[in-house]
Structure formats: structure tokens, C-alpha cells
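Take a look at the structure set out below.
Chains as they are written, first to last, in the working numbering: chain A, 837 to 1578; chain B, 2 to 230.
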């Protein structure tokens, strides 16, 4: 076999060039020893992306294995483009969450837009029609000069892309904290539906089967997005990396969705994968690796946006809206006709081989010839040093002066951008297209129906970086609990998880420790809720000039409702209905929004009783299925008092509530604490006996009771007596006010 | 009756319109492809919402040149019923089958929310089962729905009753705050002079089921069914 050639004008490959590509000296040596020769410039580029943290998971892989990924519903766990669970009635839900943090910080509109585009492709590449999106966003403080710019850009990008492809954005979470001033987080989730038995895979098979390139032409955008941008920290020069951000074309994506789903129905697709991070290189080598085969590609056949792209550029381009398909031999014309109908490229660019080699030709010359395994399974795996920092609890602000009155506290909390209405954001997203959403944005969870069935799916996304900063294990446990209770409050039983693990530089032992503790927390809580982790993504290097973000594992959870008609909204609906406040344990001010505003001397999260959290979820789902409750809202940022107020904000007609607190339950921790699941529910008074019995049997605390009132006044014990309209105005106007869009 | 729903590249609400018509309203509804010239015997043709051709040049500006648009223009000239929803409304304006144009929302951002509409003319094929002044709740979801037309044309349209739907407050009163996109005279839907071509920014197809946006959208479809009898 002849060795691949270097092309004229290419730089000499040495240790320095490898370092400039983000490869360490050890890694470069490993490449040379795997190949028995130095790589060509093109091959070096290929290794740099495939061995990047972003593509290889070299620091995280060994730890991710500890998460539960099996279960009765699981059809596809981690390892494919997305995970899949059986949700009943012949349907599979395919879902995944993924980060697009660094691109969104450098170029917010395109960074966020292509984050949405990429996660959509991970879903429809599985043969599933994307039916719902969510996003978890973390921005810096509003005092930071870039926050407004980043917020408008990211929201514009998510809407600009999601609205144009016709996939509703149905839920999300947004937080503002100075910890993200230098490194925002944009985590995008998508869920699709496919009939059981029609799931596609990214496993190449059939030696000689043709490899098809479909979708947009290849340009120079996004080169080294995965290696230099996603797998390195930020510093003063990061702005110069803007050209590594891809540019999205949602119109083409919409055509690609329709064409790929139509092509899937022919049965002529053997394997299919998105050309995402590391584009053509990763899609072709990973599909070959999964099938234990090789691949042969001819770059002269790739559709290009402009002439003169080098093999290096073509292989590393992260141009968007492209897919790679392994087709059944003899059925290429059939697929070409479908893509032509949708005005898309579909070009045969190579074939599956049996040699376990990844071979690339350009201008008739071999420009890369690598063992498939060297790019995938044999990429470096690290067991990085993990060490708890000497001081695990970060300095939190102690209580400042006299504690605020409950009235001051609730008003300040309602005005905090972390608590206030996110309507300014979600009204910019199409949340109704496809006509399935029976509970839309702004609540604990979104619920969509599956057409033609009674079945519903609930979606929620959560994170709790402040708790994770105090204790990365308990913070992760609390995050999973919050997502599960969000679903249960809407009436859905938790069924599966996708997670996006956002951390700092894993080469630092304390970051690695945070990461491992986070994974352990997710593991334990996922087991407690029988909600396996079927997909996810790790985002390391979220640091700027040595300052890491707080550990931020984002949990997207999917739940199932037997009957979507039984979904439970968060708003009170009937004056006279009884109100109950049920909780799993005593909340605390540590890591709360209250503490962020007023300081607090509470610094411990305390243990979380997962058994009780699970029993609360079960009790809520059982009550919903039995039709006993009319509304249920999970307290989160701002705690119980805020949650009761939010339950009154039924915009069709504002209602009020009068609550009597159990003796001794009127402290700041009870009213504004967080960290233990607390729900506010309403029900016809004749159901209260049965509900109370159920909650008590489950070992849960009922800490307040009362009724919904027709007059819009909020009365909690002797400590809160507020006009609901006033609170609602504070709540609705806070975010537009901060943005300057009144 | 038989309905045709056009799919342009980038149409998004085509499937949902077909669902509303056939699965919910029990109508015979067929998909029409933009490259075709046949209307498959449809008695009413619907141009659905979405981002035809990505709305890259100007909303509806490219779609109007699709082969099927010639057939639709002919069909309209013969008196056939044509309804454009959202992007479909934009296309009908670009094709000069309806007066006026739709421009960027006053807020310059996309808006997805429920709105209240007042039926200003109930004697049209698209509103005939409604009462004059009846209020309908439907969602809007668009970035470019601010309706404009020359002042003298607006006056004539109002006189002739071509302004079919107006954005109003929940109690039916006129309110600038309720005119979310900032349309001239709060106009939400208009017809041509012959009253057989109708365009509206709000989405009746997303208001046909009780748990999904209510059922007021049925009033529009029921009117058309009544008219085709």
C-alpha cells in the first residue's frame, strides 16, 4: 500500500504544528507509533478533531459508564446520535441535549442557531420527526456589559432557526449569574418521534455499499470548531476564533428533514449520520467504526461552495445542514430522486470497505490513509487526576444586616430576572407549530400529545449550579429531583434522561472531581426515579482566563402520561378549590435566589432523601391520573411563596389564595428556601381527604393548606398579604425592563 | 367539500392544516405540491404558514413564482375560494391577489401569542357563520405581520368591507396594546374586492381543538364549508 502524499504548500508536520492543533506531545507520539510514520498535514488535522475532547470524550468516557443507561423502556442508549425510549402505542421518543457554549459566546446568534440545527439533525438522523425543542441558557449578570447583547443574540438565534424549521420550542430555563460573565451556556434539546421498528442507525454495514453526501455544499466555515473552539478555554484572543463558528441555514434544514424522513421510508438507508462536529471526518469514520468496517472517500465529488478548498479544509469543515448516508447498493438513484425533489444535493462520494481503513482521495491521490480504530476506539482515554479542593464550600455572602421583611423579600424575588417571567424570551419562539402542545412554555413542564393516541409526553430541563458549587454531588442529585418533580407536577411519570455536563478544564484535579461527583449524583438520582440516561454530551473547558463556571450538569427529562387529557396545569383555576402545600423535606436558604439577593448564613445543603423524592413524584402522578387535582406547581427559584404567587397568575383571570401555615412554618427558609421538592396544588375540596391520606402514607409533609379565592389577593399565614395584580406586574415587567424593551 | 393545501419548500403549517381539515373537521383535504400545476379539483385552496424559501428575499416573494401560483391566480379569477394564512397571506399579497403588504412587527421580533379578533364583516364566504362583531381567539406566530397599505386604499377597503378581522382587546374594544404586531388600523385579515380571496395572519388551524388553542378557528372553516354548499 502506498503512503498518503503531502500536497504542495502544506506545512511540515512536527511537534509544534501538532501543539498548534491542540494535540499534546504524548498524543503526537501516539499518532506516530499507531501509524508507524508521521501523519501528513491533512491527517494531522483529522487527528486533531477526532482526538479533541469534544469528539473523543477522552477525559469523561470512563466515568460516563457509571450512569444507568438500561431499562425496560430503553431502545437505544448512549453511542448513537441520540437515545430512544419506548413510550407506548408503538412510538419511540428519540432525544438528546447538547451544548453550543463557546460558539454562542463568540457569535451569539449563529452559535445558538447552529446549536439548534445540530441537535435537530441528531434526532432526524435516527429517522424520527423532531416534534419539540427546549433550551437551557446561562448568562452573566445584567450588570455585565455583554449580557444584553448575548441574550438578544442567543434568543434571536434559537427563534430564527427553530421557528423557520417548524419545530416548536416548548420549554426551557434561563439564569443570570455573574459566574457566567465570561462563559455563557447554551444547551439545546430536541425530541423526535418514530414508529417502533423504524429507528435508523449510524452503523455502517455491507461492504461495497455506496456512501452518499446529502444536503448543503461544503464551505470553509466551522473549521476547528470542535478542536480549537470547543475543547479549549477562553482568553483574550478568543474573539479571533469567530471564523470557527458555523453559519446556519434553517430553510435548508427544513428541506433536509423532509427529504431524510422521506428517504427513511424507502428502506434504502443502511446508516446515516449528521456531519456535525468534525463534519465529514467524524461521520464517515464513526459509522465505519460502529460497523467494524472501513470507508473510502473521494473528495473530488464533494459539492463545494467555492473552488479551491484543500482536502484539509473539506475534511474539517463544519458547514451545516449536511448528512452522510450509507445506502443499499443499487438504490442510489431512488434516494437521489427524493433529494432532488427537495432541491438538495445527493452525491455518491465513496463506499464502505472491509479493510478497517479510512482512506481519502483527492485529485486521484491518496491524501489520508488511517486505521479507523485510530480515529475512534483507540483515541486516547484519560483517567485524569481528581481531587477535592481543600475548601469545598465557596465563600457565600453572609446575611447582610437585618433580614428583609417577607413583603420586601417576595417583591425583590419576583423582580429578579432568575425568578421573573421569561415571556420576553418564549414569546419569540413558535411554541405551537405541529399542533401537539397541550401545556406550553412558562410552566413546570411542557406536555405534548402523540396524535392518534391518548398518550402524552412531558419535557423539562433543569440545572442548579449554585447548589453544585457548594456540593457538586448533592447539586446534581437536586437537579435530577427538580426535573422529575417538574414532570410529576404536570402529571407525567419520569421515563428517561439526557444530560449536558458543563464544567471547567478537566486537566485541573478539582474540576475533574466536580465532574465525577456530578456524574455520581446523576447516577444515584436517575436510579431512584427509574429514569435511565440514554444520551448526552460533555462540555469541558468552560473557563475564561482561569476562572471556571460553577459545575453545571443540565438535566433534560422526558416523562410519559397515559392520557394527555389528564395533564395538570400550574395555575389555579377555580375559586373555592382547596390548596395544599406538600414537600419532601425542609428547604434551605443555601444556594437559593433569596441568598443571592440578601445573603444567608445557611451554607449546607444537607442530605436529600431520594426515597421520599420518588414517593412525592409517584403520589403526584397517581393523583393526576385519578383526576384528583386541578393544578400543581413545583416551587423552584424563590421557593414556596413565589410558587404560590405564580399559581395565581392565571392570565385569563388572576386569582388569589389564602394559606394557613402549620405552626412554626413561617421562617424565611420555609417561605423562600429551595433544595427540597415542594409543590403547591389545588383540588376540589371533596378530594382533600384522599389526597392527604396519600401524601401522609408516602411520608410527605403537608405544611400549609387553604383555598383559592376569586379576589386576587395572596395571603400566606400572617406574613404575606399582597395584591396579586401588583406582583404579577412586577413579575411580567422585570425581564423586559432589564433588557430595556418595555 | 374538497380542500387543497399547498406545500412550498419551507411551508410549516401545511401538515397541521391538513390535520385540522381532515382529522378534526372531517373534510376531504389533499396536499398540493408547489411544482404541480393542478389543484386536484379543490373547492378551496389554502396557502399555509411557514417560511417559504426561507423568507430569504422577502416573505412570499419567491413562492409567488412557483408553478402552482399560476393555477391559483386563474382559479381565483374564476371565482374559486383561496385562503392564505400567515406566510400564505404574505404570498397572496406578493402575488397581488390581495391588496397591501406585510412588514416587520413593530417590536422587530417574532411574536407567538394568543390574540382576540373581531369579525368586522360577517357577510363573506370566510366569516358567514359568524356574527358581525363576534370575537374569535386564535394564536399568531410571525415576525412580519404588520399590515400596511396606502391610506386611500385602506379607506376604500374599509368602505367596501374588505377588512374582515381586526385585533382587539379581550373585551372587544379597540386597543393599541392588543395590536401586538402594530398593523395599520389593527388589521388582521383582508379580502379582495370580489370576496373570494382571503388572507389573515392569525392561525385558525391552530384553534380547532379544545385543548390546543380553543375552537374559534372552526368558525372560519365552517363558513367556507357553508359557502361551498
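Here a beta-carbon is modelled for each residue, glycine too, at the ideal position from N, C-alpha and C. Remember, predicted model here, so these are calculated numbers, not experimental data.
Buried or exposed by the 16-neighbour rule on C-beta atoms within 10 Å, applied to residue i
{"i": "residue 869(A)", "result": "exposed"}
{"i": "residue 945(A)", "result": "buried"}
{"i": "residue 172(B)", "result": "exposed"}
{"i": "residue 1487(A)", "result": "exposed"}
{"i": "residue 178(B)", "result": "exposed"}
{"i": "residue 1326(A)", "result": "buried"}
{"i": "residue 1437(A)", "result": "exposed"}
{"i": "residue 227(B)", "result": "exposed"}
{"i": "residue 1136(A)", "result": "exposed"}
{"i": "residue 1231(A)", "result": "Any answer about residue 1231(A) is weak, because its pLDDT of 47 lies below 50 and its placement is not dependable; what the coordinates show is given next. Classification for residue 1231(A): exposed."}
{"i": "residue 1335(A)", "result": "buried"}
{"i": "residue 90(B)", "result": "buried"}
{"i": "residue 109(B)", "result": "exposed"}
{"i": "residue 1532(A)", "result": "exposed"}
{"i": "residue 1237(A)", "result": "exposed"}
Residue i - DSSP class collapsed to helix/strand/coil
{"i": "residue 207(B)", "result": "helix"}
{"i": "residue 1011(A)", "result": "strand"}
{"i": "residue 910(A)", "result": "strand"}
{"i": "residue 87(B)", "result": "coil"}
{"i": "residue 58(B)", "result": "coil"}
{"i": "residue 1558(A)", "result": "strand"}
{"i": "residue 1022(A)", "result": "strand"}
{"i": "residue 931(A)", "result": "strand"}
{"i": "residue 862(A)", "result": "helix"}
{"i": "residue 70(B)", "result": "helix"}
{"i": "residue 1450(A)", "result": "helix"}
{"i": "residue 1231(A)", "result": "Unreliable positioning characterises residue 1231(A) in this predicted model, as indicated by a pLDDT of 47, which lies under 50. The coordinate reading is nonetheless provided below. Reduced to three states, the DSSP call for residue 1231(A) is coil."}
{"i": "residue 92(B)", "result": "helix"}
{"i": "residue 1207(A)", "result": "strand"}
{"i": "residue 1568(A)", "result": "helix"}
{"i": "residue 1485(A)", "result": "coil"}
{"i": "residue 1298(A)", "result": "strand"}
{"i": "residue 1221(A)", "result": "coil"}
{"i": "residue 1418(A)", "result": "strand"}
Anticipated Cβ contact below 8 Å, residue i with residue j, distance rounded
{"i": "residue 1148(A)", "j": "residue 878(A)", "result": "5 Å"}
{"i": "residue 970(A)", "j": "residue 1249(A)", "result": "That pair is no contact at about 24 Å."}
{"i": "residue 1262(A)", "j": "residue 1278(A)", "result": "6 Å"}
{"i": "residue 1342(A)", "j": "residue 977(A)", "result": "At roughly 26 Å, the Cβ-Cβ gap does not stay under 8 Å, so residue 1342(A) and residue 977(A) are not in contact."}
{"i": "residue 937(A)", "j": "residue 1022(A)", "result": "6 Å"}
{"i": "residue 1456(A)", "j": "residue 1541(A)", "result": "Between residue 1541(A) and residue 1456(A) the Cβ distance is about 17 Å, and since that is not below 8 Å, they are no contact."}
{"i": "residue 1502(A)", "j": "residue 1555(A)", "result": "5 Å"}
{"i": "residue 1543(A)", "j": "residue 1482(A)", "result": "With 8 Å as the limit, residue 1543(A) and residue 1482(A) do not qualify as a contact, their Cβ atoms being about 17 Å apart."}
{"i": "residue 1585(A)", "j": "residue 1198(A)", "result": "Only positions 837 to 1578 of chain A appear in the structure, and residue 1585(A) is not among them; the question remains open."}
{"i": "residue 15(B)", "j": "residue 25(B)", "result": "Between residue 25(B) and residue 15(B) the Cβ distance is about 15 Å, and since that is not below 8 Å, they are no contact."}
{"i": "residue 1388(A)", "j": "residue 1338(A)", "result": "4 Å"}
{"i": "residue 1097(A)", "j": "residue 960(A)", "result": "6 Å"}
{"i": "residue 1038(A)", "j": "residue 1108(A)", "result": "6 Å"}
Length of the line joining the Cα atoms of residue i and residue j
{"i": "residue 1391(A)", "j": "residue 85(B)", "result": "41 Å"}
{"i": "residue 1195(A)", "j": "residue 1167(A)", "result": "24 Å"}
{"i": "residue 87(B)", "j": "residue 1401(A)", "result": "29 Å"}
{"i": "residue 42(B)", "j": "residue 98(B)", "result": "20 Å"}
{"i": "residue 202(B)", "j": "residue 111(B)", "result": "13 Å"}
{"i": "residue 1224(A)", "j": "residue 906(A)", "result": "30 Å"}
{"i": "residue 119(B)", "j": "residue 186(B)", "result": "13 Å"}
{"i": "residue 9(B)", "j": "residue 1094(A)", "result": "12 Å"}
{"i": "residue 1267(A)", "j": "residue 114(B)", "result": "9 Å"}
{"i": "residue 1102(A)", "j": "residue 1034(A)", "result": "11 Å"}
{"i": "residue 919(A)", "j": "residue 49(B)", "result": "33 Å"}
{"i": "residue 1258(A)", "j": "residue 204(B)", "result": "24 Å"}
{"i": "residue 933(A)", "j": "residue 1358(A)", "result": "15 Å"}
Sequence ranges, beta strand (DSSP E) only - wholly within the stretch 1249-1289 of chain A, length at least 3 | Runs found: 1273-1275, 1282-1285.
For the stretch 1313-1373 of chain A, list the alpha helix (DSSP H) runs that are entirely contained and at least 4 residues long, ordered along the chain.
-> Runs found: 1345-1364.
Minimum length 3: unbroken beta strand (DSSP E) runs contained in the stretch 1099-1148 of chain A = Counting only runs of 3 or more, we get 1105-1110, 1130-1134.
Starting from the N-terminal side, write out each stretch of the beta strand (DSSP E) that is 3 residues or longer and does not extend beyond the stretch 143-196 of chain B.
-> Listed in chain order, the complete beta strand (DSSP E) runs (minimum 3 residues) inside the stretch 143-196 of chain B are 147-149, 164-169, 188-192.
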